[in-house]
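Have a look at the structure below before the remarks.
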Amino acid sequence: MAVGCTVTLVVVLLLTGVDGKRRSKTSSDRSSRLERTQCEEGPCSEWDTDYRPNCVLRCQSDACYTAVYADNELEPGEVDTSRSRQYQTCLTKERSDRMRVERERSRRRG
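The sequence shown maps to residues -20 to -1, 1 to 90 in mature numbering (1 follows the signal peptide of the UniProt record, and there is no 0).
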């Protein structure tokens, strides 16, 4: 009986597929994409495509860019996953701090 249940479970999983953990889209994700798009289409649109990523990163947050990339900017075509995560963490913290300050201001007014 246990073998039959195991086989059935395996067949069901194979037919339906097993997805990895999916992260829900948060307002922070949407906000980050919107900012990135605004930078790409605005101030960084005239930059050469090789150097545009540095412009976009700096446009989104000069403070985070300086903290993560200033000592060693990305070279054309370079992908640095570790520093990208550090930058995203910095952006998230920066937005969180900004939202907290805005909430505190609105509470004081209200």
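For every residue, glycine included, the Cβ atom is placed at its ideal position computed from N, Cα and C.
T69, enclosing alpha helix (DSSP H) - first and last residue
Counted from its first residue, the sequence shown places residue 69 at position 89. T69 -> alpha helix (DSSP H) spans 61 to 89.
Exposure label - P56; buried when at least 16 CB within 10 Å:
Here residue 56 is taken as the residue at index 76 of the sequence shown, counted from 1. So P56 ends up on the exposed side.
Under 8 Å between C-beta atoms of L71 and C44
To locate residue 71, count along the sequence shown from 1; it is residue 91. To locate residue 44, count along the sequence shown from 1; it is residue 64. It is a contact, given that the beta carbons lie within the stated cut-off.
Taking the alpha carbon of V59 as the reference point, which residue from G22, R87, N34 has its own alpha carbon closest?
On the sequence shown, residue 59 is found 79 positions in, with the first residue counted as 1. Checked all of G22, R87, N34; the closest Cα to V59 is N34.
So, using beta-carbon positions, are R16 and V36 closer together than 8 Å?
Here residue 16 refers to the residue found at position 36 when the sequence shown is read from its first residue. Here residue 36 refers to the residue found at position 56 when the sequence shown is read from its first residue. Against a cut-off of 8 Å, the Cβ pair of V36 and R16 comes out as a contact.
Start-end ranges of the alpha helix (DSSP H) lying completely within the stretch 26 to 51, minimum 4 residues:
32 to 40, 42 to 49
Excluding five sequence neighbours on each side, which residues of the same chain lie with their C-beta closer than 8 Å to the C-beta of Y31?
As a working mapping, residue 31 is identified with position 51 in the sequence shown. Excluding sequence neighbours, Y31 sits near P56.
Is the CB of Q68 under 8 Å away from at least one CB in chain B?
The question asks about chain B, but that chain is absent: this structure has only one protein chain.
For E21 and C39, what's the separation of their Cα atoms in angstroms?
Here the question's residue 21 lines up with position 41 in the sequence shown. Here the question's residue 39 lines up with position 59 in the sequence shown. Distance between the alpha carbons of E21 and C39 is about 11 Å.
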